[in-house]
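K.L.:
Numbering-wise (full-length UniProt numbering), the sequence shown opens with residue 1 and increments by one.
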Amino acid sequence: MTMLNHLINGARVNSQGRTQDIYNPSTGEVSGQVSLASKATVEEAIAAAHKAYPEWRNTPPAKRARVMFRFKQLLEQNADEIAHLIGQEHGKISHDAAGELQRGIENVEYACGVPELLKGEYSKNTGPGIDSWSEFQPLGVVAGITPFNFPAMVPLWMYPMAIACGNTFVLKPSERDPTSALYIAELALEAGLPAGVLNVVNGDKEAVDTLLDDPRVQAVSFVGSTPIAEYIYSRASANGKRCQALGGAKNHAIVMPDADMDYVVSSLTGAAFGSSGERCMALSVAVAVGDKAADTLIEKMKSRMESLKVGAFSDANNDFGPVITQAHREKVLGYINSAEQQGASVVVDGRNIMVPGYENGFFVGGTLIDRVTPEMTCYQEEIFGPVLLVVRAGSMEQAMQLIDDHEYGNGTCIYTRDGEAARYFSDNIQVGMVGINVPLPVPVSYHSFGGWKRSLFGDLSAYGPDAVRFYTKRKTITQRWPSAGIREGAQFAFPA
Ligand code: NAD
């Protein structure tokens, strides 16, 4: 059985102590073990990053960018292997895993432009003979803590830009599917990162708390669930660190009565059930405006869901795979049970799905629940499973109010043919990422990704232009060279 360890100062490092099983969720079998770093091991990684910082900070940005170009090539060359590693531990189907990696690579591409991004700002003659400029200096050692659901992409949201900006990095991936993150980090070293610039420690709360408390760590990027995001943000901020902590979601799609219902059903199917609904941008609530729209949506969705294929990650014909663990499977089933008990109607029931040959896998079938109301537990909390809730609203205003009242504000979408309604929606809705007939409005790598309300703690979003700001601090220099300098004639005599 493989034991996954740590990557510190350019080498694999074993640590004694606690370990945790890693599962293949398609089979339900243990596929390996991960070492859970102690405080001492994490401190070793921080020390390596701290030592590597001065030289890396002074490496010209163009040279740092060249490493990113090579890194991008290596990611592309190893894409199949990475997709396999993701699928084996996360359970997502190979084409979905390949898509995740592609999104990650796009962030490396953006980091390749770092010399341009770091050029800064310059003003001449801010006063007589005075010039002023702002430059963006790296912070030092930066930490990243990432979730299970995008084990390759989310780390790539963070360290390529942090490192390209001149910082050094300690990554703490999810302990539930850590292998792809470690494999990818080794490719970054192969691309030319000096030892210590990128370190990976596997672990749990002990490792995270060490990163949050160590004074050498200047900033923390976190992506995960909201309770942990809030904890990370509070503790990192209390320790004087810069912090961005992205949390959970409950993304609503408003289905207007004029929407093209076939398009709604086909795009909503992918957005609700793709990756078993384990995406922070999954559309998990459809708010149908008017009973006619709701009835049509339910009927068409029901028939579309008959052909959903659920199974092991390795079969590319499947639409989605298992959820991450048995415990998570039970949690998702609990939400479906509670919806039924609280009066909603389970129209398509994925609770008893059997996947032949994979009887012990952590599968939940696609589930459609109608007549959900805002007081229900299944509506209030993030389910993070292949479950689509349908809420019926009397008007667009009512539908928008539901979204604004929800604690989360990550993503949302409106389906309509009416431009004015769409414009009103995008202008007023209290959500950070908005789609107009686009179910998963995930920003491309040269924009930035971030929700509102309790979906993000901190001021700056992930990747894109905000990442350049997050991973650097502004220094503004004002300069004046008084006259009587060398230009006016050097004096060679000792002044009398
Ligand atoms: P999680 O919060 O359980 O774990 C995330 C990270 O925090 C992991 O590395 C984990 O080891 C660490 N962690 C967990 N408990 C901790 C504790 N008590 N103290 C310190 N560290 C702790 O999240 P998850 O289950 O891995 O990921 C799913 C969640 O992430 C969902 O809520 C999803 O919406 C969210 N997510 C959000 C975004 C976004 O961009 N907003 C993106 C992806 C996932």
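We treat Cβ as the ideally placed atom computed from N, Cα and C, and that holds for glycine.
Considering only the beta carbon of each residue, do Ile8 and Val217 sit closer than 8 Å?
P.N.:
Going by C-beta atoms, Ile8 is not nearer than 8 Å to Val217.
K.L.:
Following the continuous alpha helix (DSSP H) through Tyr110, name the residue where it begins and the one where it ends.
P.N.:
First-last of the alpha helix (DSSP H) with Tyr110: 94–111.
K.L.:
Figure out for me which residue from Gly270, Cys413, His447, Leu460 has the closest Cα to the Cα of Ile436.
P.N.:
Ranking the options by Cα distance to Ile436, first place goes to Cys413.
K.L.:
Is DSSP giving Ile145 helix, strand or coil here?
P.N.:
In the structure shown, Ile145 sits in a strand (DSSP, three-state: E or B).
K.L.:
Secondary structure at Leu440, three-state DSSP: helix, strand or coil?
P.N.:
If DSSP states are grouped into helix, strand and coil, Leu440 belongs with coil.
K.L.:
For the alpha helix (DSSP H) containing Thr296, name the first residue and the last one.
P.N.:
Counting along the chain, the alpha helix (DSSP H) containing Thr296 begins and ends at 291–305.
K.L.:
Would you list the one or two residues that DSSP bridges to Arg242?
P.N.:
Answer by DSSP bridge pairing, in chain order: Ala219.
K.L.:
Out of Val30, Ile86, Gly104, Asn14, state which residue places its alpha-carbon closest to the alpha-carbon of residue 497.
P.N.:
With the chain running from 1 to 496 in the structure shown, residue 497 is simply not present.
K.L.:
Contact check, Gly366 vs Pro25 under 8 Å by CB: the rounded distance?
P.N.:
In fact, because the Cβ distance is near 17 Å, the residues do not count as touching under 8 Å.
K.L.:
Between the alpha carbons of Pro160 and Asp349, how many angstroms are there, rounded?
P.N.:
Distance between the alpha carbons of Pro160 and Asp349: 42 Å.
K.L.:
Following the continuous beta strand (DSSP E) through Gln137, name the residue where it begins and the one where it ends.
P.N.:
Segment 130–138, the beta strand (DSSP E) holding Gln137.
K.L.:
Where does Lys39 fall in DSSP's three states?
P.N.:
Correct three-state label for Lys39: helix.
K.L.:
Return helix, strand or coil for Gln16, following the three-state DSSP convention.
P.N.:
DSSP places Gln16 in coil when its eight states are reduced to three.
K.L.:
From Pro322 to Gly311, what does the alpha carbon distance come to, in whole angstroms?
P.N.:
For Pro322 and Gly311, the distance between alpha carbons rounds to 7 Å.
K.L.:
Compare the C-alpha of Glu397 against each of Gly411, Arg371, Gln430, Ala493 and name the closest.
P.N.:
Comparing Cα-Cα distances from Glu397 to each of Gly411, Arg371, Gln430, Ala493, the minimum goes to Gln430.
K.L.:
Measure the C-alpha to C-alpha separation of Lys124 and Tyr233 and round it to an integer number of angstroms.
P.N.:
When rounded, the distance between both Cα atoms is 39 Å.
K.L.:
Following a CB-centred definition, is Asp466 positioned closer than 7 Å to any heavy atom of the ligand NAD?
P.N.:
Asp466 Cβ: outside cutoff for every heavy atom of the ligand NAD.
K.L.:
Rounded C-beta distance between Leu297 and Val390? I'm assuming under 8 Å.
P.N.:
Contact holds; Cβ gap of about 7 Å.
K.L.:
Assign Met1 to one of three DSSP states: helix, strand, or coil.
P.N.:
Here Met1 sits in coil by DSSP.
K.L.:
Whether or not the segment 414–424 and the segment 374–391 are in contact is what I'm after, with contact meaning three or more pairs of Cβ atoms, one per stretch, closer than 8 Å; do they touch?
P.N.:
No contact exists between the segment 374–391 and the segment 414–424.
K.L.:
What residue does the alpha helix (DSSP H) around Glu340 start on, and which one ends it?
P.N.:
Taken as a continuous stretch (DSSP letters only), the alpha helix (DSSP H) holding Glu340 covers 326–341.
K.L.:
Taking the CB atoms as reference points, tell me whether Pro61 and Leu118 lie closer together than 8 Å.
P.N.:
Contact: yes.
K.L.:
Between which two residues does the alpha helix (DSSP H) carrying Val74 extend?
P.N.:
In the sequence on display, residue 74 carries Leu and not Val. Segment 61–77, the alpha helix (DSSP H) holding Leu74.
K.L.:
Buried or exposed for Gln380, going by 16 or more other Cβ atoms inside 10 Å?
P.N.:
With fewer than 16 other Cβ atoms within 10 Å, it is exposed.
K.L.:
So, at 7 Å on beta carbons, what are the nonlocal neighbours of Lys39 in its own chain, with the 5 sequence-adjacent residues on each side left out?
P.N.:
So the qualifying residues of the chain are Glu206, Thr210.
K.L.:
Is any non-hydrogen atom of the ligand NAD found closer than 7 Å to the C-beta of Ile184, if you look at the structure I gave you?
P.N.:
Ile184 Cβ: outside cutoff for every heavy atom of the ligand NAD.
K.L.:
I'd like the span of the beta strand (DSSP E) that includes Lys124, first residue to last.
P.N.:
Element bounds for Lys124: 121–127.
K.L.:
Specify, as a first and last residue, the run of the alpha helix (DSSP H) that Gln479 falls within.
P.N.:
Careful: Gln479 lies outside any alpha helix (DSSP H), inside the beta strand (DSSP E) at 472–480.
K.L.:
Whole angstroms are fine: how far does the CA of Val468 sit from the CA of Ile254?
P.N.:
Straight-line Cα distance between these residues: approximately 34 Å.
K.L.:
Tell me the residue span of the alpha helix (DSSP H) that contains Asp262.
P.N.:
Residues 261–273.
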